[in-house]
Amino acid sequence: MRRIRGPGLPDSVGGRITAILALLLAVLVVIVAAAAWQSRQQAGHVNDSRQAFEVDSATEQSALSWLYSDVLAGRYILNPSPELAATIHSTEQSTLDHIDRARQLELADGKMDVVTDFDEIRAAAERAIVTRQAAMDATDRGDLTSAGQILIQGVTDSQYLSDAFLRITASETAEVQAASDASRTTAGITMAILMGAAIAVAFGGVFASLALSRSVVRPLLHLGETARAVGRGRFTARADVRGPREVRELATILNTTSASIYERDAALSESSERWRALVENSHDVIMVINPDMTVAFVNRVVEPMFGYKVENFVGSDALAIVHPEDVQKAAAMFTTVTAGLSTPSVNEARIRRADGTYAHMEAIPSLIRWGDHEAILLNARDMSEQRQAQETIAYMAFHDSLTGLPNRLLLQDRLETALAQARRLGVGVCVVSVDLDRFKNVNDLLGHNAGDELLKQAAGRLVGLVREGDTVARIGGDEFVLVLPECDSLDSARDMTRRLVDGFRRPFRVGDRDLHVTLSAGIARYPDHASDAETLVSNADIALYMAKDAGRDAYRAFSEDIAKRTSEWLTLEGDLRRALVEGGIEVYYQPQSRVDTGEIVGAEALARWRHPRRGILPPSEFIPLAEETGLINLLGELVLRKACIEAKAWPDRLNVAANVSLRQFERPDFLERVLAIVKDTGLPHRRLELEITESTALRDVERTKDIATRLIASGIRLSIDDFGIGNTSLRHLQELPVHRLKIDQSFMLTLDENPASAAIASSVIQLGHKLHLKVIAEGVETEEQLSFLREHRCDEFQGYLCSKPVPAGEFRALVEANVDRIVA
Ligand code: C2E
Ligand code: CA
Ligand code: CA
Numbered sequence: 032m033r034r035i036r037g038p039g040l041p042d043s044v045g046g047r048i049t050a051i052l053a054l055l056l057a058v059l060v061v062i063v064a065a066a067a068w069q070s071r072q073q074a075g076h077v078n079d080s081r082q083a084f085e086v087d088s089a090t091e092q093s094a095l096s097w098l099y100s101d102v103l104a105g106r107y108i109l110n111p112s113p114e115l116a117a118t119i120h121s122t123e124q125s126t127l128d129h130i131d132r133a134r135q136l137e138l139a140d141g142k143m144d145v146v147t148d149f150d151e152i153r154a155a156a157e158r159a160i161v162t163r164q165a166a167m168d169a170t171d172r173g174d175l176t177s178a179g180q181i182l183i184q185g186v187t188d189s190q191y192l193s194d195a196f197l198r199i200t201a202s203e204t205a206e207v208q209a210a211s212d213a214s215r216t217t218a219g220i221t222m223a224i225l226m227g228a229a230i231a232v233a234f235g236g237v238f239a240s241l242a243l244s245r246s247v248v249r250p251l252l253h254l255g256e257t258a259r260a261v262g263r264g265r266f267t268a269r270a271d272v273r274g275p276r277e278v279r280e281l282a283t284i285l286n287t288t289s290a291s292i293y294e295r296d297a298a299l300s301e302s303s304e305r306w307r308a309l310v311e312n313s314h315d316v317i318m319v320i321n322p323d324m325t326v327a328f329v330n331r332v333v334e335p336m337f338g339y340k341v342e343n344f345v346g347s348d349a350l351a352i353v354h355p356e357d358v359q360k361a362a363a364m365f366t367t368v369t370a371g372l373s374t375p376s377v378n379e380a381r382i383r384r385a386d387g388t389y390a391h392m393e394a395i396p397s398l399i400r401w402g403d404h405e406a407i408l409l410n411a412r413d414m415s416e417q418r419q420a421q422e423t424i425a426y427m428a429f430h431d432s433l434t435g436l437p438n439r440l441l442l443q444d445r446l447e448t449a450l451a452q453a454r455r456l457g458v459g460v461c462v463v464s465v466d467l468d469r470f471k472n473v474n475d476l477l478g479h480n481a482g483d484e485l486l487k488q489a490a491g492r493l494v495g496l497v498r499e500g501d502t503v504a505r506i507g508g509d510e511f512v513l514v515l516p517e518c519d520s521l522d523s524a525r526d527m528t529r530r531l532v533d534g535f536r537r538p539f540r541v542g543d544r545d546l547h548v549t550l551s552a553g554i555a556r557y558p559d560h561a562s563d564a565e566t567l568v569s570n571a572d573i574a575l576y577m578a579k580d581a582g583r584d585a586y587r588a589f590s591e592d593i594a595k596r597t598s599e600w601l602t603l604e605g606d607l608r609r610a611l612v613e614g615g616i617e618v619y620y621q622p623q624s625r626v627d628t629g630e631i632v633g634a635e636a637l638a639r640w641r642h643p644r645r646g647i648l649p650p651s652e653f654i655p656l657a658e659e660t661g662l663i664n665l666l667g668e669l670v671l672r673k674a675c676i677e678a679k680a681w682p683d684r685l686n687v688a689a690n691v692s693l694r695q696f697e698r699p700d701f702l703e704r705v706l707a708i709v710k711d712t713g714l715p716h717r718r719l720e721l722e723i724t725e726s727t728a729l730r731d732v733e734r735t736k737d738i739a740t741r742l743i744a745s746g747i748r749l750s751i752d753d754f755g756i757g758n759t760s761l762r763h764l765q766e767l768p769v770h771r772l773k774i775d776q777s778f779m780l781t782l783d784e785n786p787a788s789a790a791i792a793s794s795v796i797q798l799g800h801k802l803h804l805k806v807i808a809e810g811v812e813t814e815e816q817l818s819f820l821r822e823h824r825c826d827e828f829q830g831y832l833c834s835k836p837v838p839a840g841e842f843r844a845l846v847e848a849n850v851d852r853i854v855a
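See the structure below:
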């Protein structure tokens with residue numbers, strides 16, 4: 032009795048097939064017995080037919096069981112459960128049993144002519160079982176991707192199996208038919224009825240077999256085809272629901288399974304579409320790099336970012352577009368990541384764009400699984416703009432915005448570097464501190480735009496005058512510092528500095544003016560004058576002070592002597608500042624008298640500094656300092672104010688003269704400030720005289736004319752101080768609306784020994800009178816000098832002969848005594 036029902040096979044199919052086949056077999060057994068009795072030779076054919084039929088059935092069962100376990104396995108992947116797993120295992124086992132059974136039957140037949148590869152079939156089935164187990168294990172781990180991949184790998188075995196089953200079934204069916212034909216031809220006429228029955232039964236067997244084939248095997252084969260199509264990934268494939276109920280059920284399960292796989296697949300591809308959209312639309316570069324450094328994937332952003340086509344990018348060497356200086360770093364980063372070590376969270380590299388420029392990229396690398404190998408995932412961002420901004424900020428931090436020269440910070444850095452190198456090589460470094468002479472005047476007079484323009488030109492000229500490799504830094508308004516590395520001697524620094532000073536004798540063209548701005552410079556050298564940057568610069572500054580003190584347009588090299596004087600100078604500046612604020616500045620008055628009568632008609636106000644430690648200091652001790660530091664403005668106004676206040680208390684006929692320095696005079700608001708002070712004090716304008724020197728008056732004749740005119744219009748008078756030592760052109764003098772000339776004291780002081788002095792003095796007196804100006808002589812110490820003046824009809828005199836400059840109180844006493852004397 033053949034067992035049709037395999038474990039897991041539905042009962043009704045087994046039952047029906049069993050019933051049909053049992054009947055057929057029973058009839059067949061009878062026929063075979065009769066035939067055997069009739070003809071021994073014919074028995075083998077009948078036996079053949081029976082055997083073939085059984086092999087066929089066993090094979091069909093194998094196919095059915097296998098297909099069933101295929102379907103179950105598919106279901107398992109969708110919904111794993113221990114019960115399902117057990118069923119799959121027992122179904123697989125029964126497949127193997129059926130294969131073994133078919134093989135035994137074939138062996139028993141002794142022919143083995145149809146199927147010789149049962150061993151191979153069994154091996155394929157066993158392999159497929161192992162594969163399926165692996166897929167189920169993967170499913171249990173939740174790794175459905177691997178499960179799917181494993182199943183697809185197993186398709187070859189499944190394909191082989193179903194082909195084999197199909198082949199066996201087909202050939203066995205043919206054999207049954209052949210056996211039937213044989214029995215028909217060998218049956219004797221004497222057994223015609225019996226034989227007719229036998230033929231009928233044999234045909235019945237064939238028909239049953241064919242019917243079985245039509246009703247079960249074909250739907251099953253179709254089902255197998257469909258299952259394989261699904262296995263190959265065609266999830267839209269659907270099995271026809273036909274054949275016996277169990278087959279229909281199987282078909283339905285397969286259809287539901289493939290439909291649900293299709294849905295999952297669709298959902299999966301939709302979600303992978305979404306991921307792709309995310310990746311493609313990212314503003315960051317997302318790149319996958321293979322272990323051999325070729326690009327496996329890159330998103331579209333590279334097209335606008337670098338100008339490369341994605342197609343050209345993929346497969347190319349990832350390092351090919353890295354800046355040559357960054358290649359090593361990038362390669363090291365890849366190696367580190369590939370080795371599973373951690374890299375710095377941000378890695379920077381310059382990447383060449385299609386146009387040859389470089390983008391500054393920041394990348395975060397990580398190791399990922401890419402298909403069947405590991406790869407590097409790079410998340411990179413274009414930081415070029417930020418980098419540019421940073422560089423600009425850094426540039427701004429180290430450069431002067433007006434001239435583009437290095438600023439103090441960068442100077443510091445360059446100097447330190449130069450010093451470090453000099454120490455190593457045993458060479459010298461020179462620092463030259465440079466200051467434009469009277470730059471402030473340009474600013475005050477012509478405005479800041481002109482000042483800026485001048486500074487830019489001066490910077491350019493300095494850079495043009497130094498060697499390549501030298502640093503020119505701007506560290507303040509008009510202050511520059513030069514670093515000359517590898518300066519072999521102080522003499523070469525002197526030569527260099529002389530070139531600078533000479534180079535600044537040429538005027539600068541600013542707007543439509545030629546500006547003469549000279550330069551003063553101080554030199555300090557490593558290792559002669561200092562060994563550190565700070566002291567070196569400050570010593571160069573000290574030397575600069577000295578150059579300025581020597582009258583500007585000059586340079587000096589640092590020396591200890593200079594240092595001492597400068598430190599006194601600096602102390603003095605602080606003291607003077609304090610004196611100006613705290614009332615340490617006093618005003619002395621020196622009488623001015625008529626030459627003919629000796630009557631005091633006024634006084635010159637002269638500044639004195641009551642120094643807390645050094646007592647009363649004359650102007651020669653602090654006026655140059657005040658001029659250099661700009662404190663002269665404050666000082667001049669302070670003296671003017673005091674003079675006005677004190678003169679207001681004097682008899683109305685007495686005038687007061689105050690000195691105005693060049694810096695003061697050149698201030699754009701000079702006139703307004705003077706008028707404001709005078710107005711404040713209430714002194715009548717006509718009693719005030721301002722003294723400016725020849726050089727001040729002639730610096731800008733047009734402007735002097737303008738101011739003089741406006742001063743005179745206001746009632747204040749103007750005189751030219753220290754007249755005779757400058758080079759006033761007579762034409763200018765004629766044009767200037769000044770009130771009087773003050774013959775420089777040097778003429779009086781040398782009147783005796785130098786005949787030229789007398790000649791000049793008398794000429795000045797004559798000249799003044801020709802121009803309708805009053806003339807006053809200062810420095811008159813002796814009666815002889817006074818008689819000279821009387822002889823040449825000079826108008827007034829001032830000097831020790833009458834009195835030294837004295838405090839206000841003493842001056843008033845002098846005036847009273849003078850009145851008494853004149854009256855007497
Ligand atoms: P200055 O304007 O030429 O002043 C005349 C100077 O000659 C004064 O020196 C005065 O003391 C000195 N002197 C007067 N008579 C005689 C004499 O018979 N013999 C000799 N040897 N000298 C005499 P002082 O007061 O030392 O002032 C020097 C200079 O300082 C002044 O020269 C003036 O240019 C400047 N100065 C003084 N006070 C001020 C001020 O308030 N503002 C400005 N801008 N400069 C001032
Ligand atoms: Ca004067
Ligand atoms: Ca004078």
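Residues 32 to 855 in my numbering are what the sequence shown spells out, letter by letter.
Cβ coordinates follow ideal geometry from the N, Cα and C atoms, glycine included.
Please read all numbers here as calculations on a predicted model, not as lab measurements.
In the DSSP assignment, Thr502 is bridged to Val514. Per DSSP, reduced to three states, the secondary structure at Phe754 is strand.
Take the alpha-carbon of Ser96 and the one of Gly371: they are about 48 angstroms apart. Taking 7 angstroms as the cut-off, one finds at least one heavy atom of ligand 1 near enough to the beta carbon of Gly810. Relative to Ile382, the option among Ala297, Ile399, Asp174, Pro355 whose CA is nearest is Pro355. Rounded to the nearest whole angstrom, the CA to CA distance from Arg698 to Met527 is 34 angstroms. Between Ala411 and Met318, the beta carbon gap of about 7 angstroms places them in contact (Cβ cut-off 8 angstroms).
Between the C-alpha atoms of Val541 and Ser376 there is a straight-line separation of about 54 angstroms.
Under the DSSP definition of a beta bridge, Val837 partners with Tyr620. Assignment of beta strand (DSSP E) within the stretch 575-656, counting only whole runs of 3 or more residues, yields 586-588, 616-625, 631-642, 646-648 in chain order. A Cβ-Cβ distance of about 22 angstroms is found for the pair Glu784 and Val626, leaving them out of contact under the 8 angstroms criterion. Nearest to Pro322 by C-alpha distance, out of Leu802, Asp403, Thr257, Val332, is Asp403. Counting only runs that start and end inside the stretch 705-770, the alpha helix (DSSP H) elements of at least 4 residues fall at 725-730, 732-745, 761-766. Non-local C-beta neighbours of Ala657 in its own chain, meaning closer than 6 angstroms and more than five positions away in sequence, comprise Ile663, Leu666, ordered along the chain. With distances taken between CA atoms, Thr170 lies nearest to Pro113 out of Thr287, Ala156, Pro113. The beta carbon of Arg134 lies closer than 7 angstroms to those of Phe149 in the same chain, with the five residues before and after it left out. Taking the Cα positions, Gly582 is about 25 angstroms away from Leu721. With a cutoff of 7 angstroms, Glu677 does not count as near ligand 2, since its C-beta is closer than that to no heavy atom of the ligand. In the three-state reduction of the DSSP assignment, Ala561 falls in the coil class. Residue environment analysis places Val161 among the exposed positions, since fewer than 16 neighbouring C-beta atoms fall within 10 angstroms of its C-beta. Residue pairing of Arg383 in beta bridges, as defined by DSSP: Tyr389.
When DSSP states are grouped into helix, strand and coil, Trp681 belongs to the coil group.
Around the C-beta of Thr628, fewer than 16 other C-beta atoms lie within 10 Å, and the residue is accordingly described as exposed. Here Gln829 is buried. Its C-beta has 16 or more other C-beta atoms within 10 Å. Spanning the alpha carbons of Arg158 and Thr122 requires a straight line of approximately 15 angstroms. Annotation: the continuous alpha helix (DSSP H) that includes Ser788 extends over 786-801.
Around the beta carbon of Asp683, a 10 Å sphere encloses fewer than 16 other beta carbons of the protein chains shown; the residue is thus reported as exposed. Residues of the same chain with a CB within less than 7 angstroms of the CB of Asp580, apart from the 5 flanking positions on each side, are Pro655 in chain order.
DSSP places Glu809 in the uninterrupted beta strand (DSSP E) bounded by 805-809. CA-to-CA, the gap between Glu847 and Val795 works out to about 32 angstroms. The stretch 415-425 makes no contact with the stretch 483-496; the number of CB pairs closer than 8 angstroms stays below 3. Burial is judged here by how many other beta carbons sit within 10 angstroms of a residue's own beta carbon; Thr735 has at least 16 and is buried. Your pair Gly338 and Arg384 checks out as a contact, with CB atoms roughly 5 angstroms apart and the cut at 8 angstroms. By the Cβ criterion, the stretch 708-726 is in contact with the stretch 670-682, since at least three pairs of Cβ atoms, one from each stretch, lie closer than 8 angstroms.
Ligand 2 approaches Glu635 closely enough that one of its heavy atoms is under 7 angstroms from the residue's Cβ.
With fewer than 16 neighbouring CB atoms inside 10 Å of its own CB, Met427 falls in the exposed class.
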